[in-house]
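To start, the structure under review is shown below, and the notes come after it.
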């Protein structure tokens, strides 16, 4: 996974989709904001790429901003497309796979 940090400039507008560029057979992540309260990370997944099953200590909110993804939470599959949102609960196994190229915004609030 290619990872970069890009803290959002306060008071400035930007195009969310343009901040993460697809890379062939890869996952690209870009941290937009990070502080002790949580993180906001933008991801771009090439078709067929995914994240293996894992858990996280906090709820994570996924907002699909382009394309289509299959997300499995506790072995229940959900197919999301642009504009869809889902909460992946803390400490519950989840995984995802890009059905087609897709971009998502992942927000994790540490509470």
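In our numbering, the protein residues as written are 2 to 112. Think of the CB as a built atom: it goes at the ideal place given N, C-alpha and C, for glycine as much as any other residue.
The residue from 71, 45, 27 and 78 with its alpha-carbon nearest to that of residue 20 is 45. The closest CA to that of residue 90, considering only 100, 107, 102 and 47, is found on 107. Looking at the DSSP output, residue 81 sits in a beta bridge with 70.
Closest option to residue 100, judged by alpha-carbon separation, among 14, 62, 67 and 74: 67.
For residue 44, the enclosing beta strand (DSSP E) stretches over residues 39-46. Looking only at 22, 37 and 43, the smallest Cα-Cα distance to residue 31 is reached by 43.
Residues 23, 45, 46, 47, 48, 67 and 68 of the same chain have their beta carbon placed closer than 8 Å to that of residue 102, with the five preceding and five following residues left out of the count.
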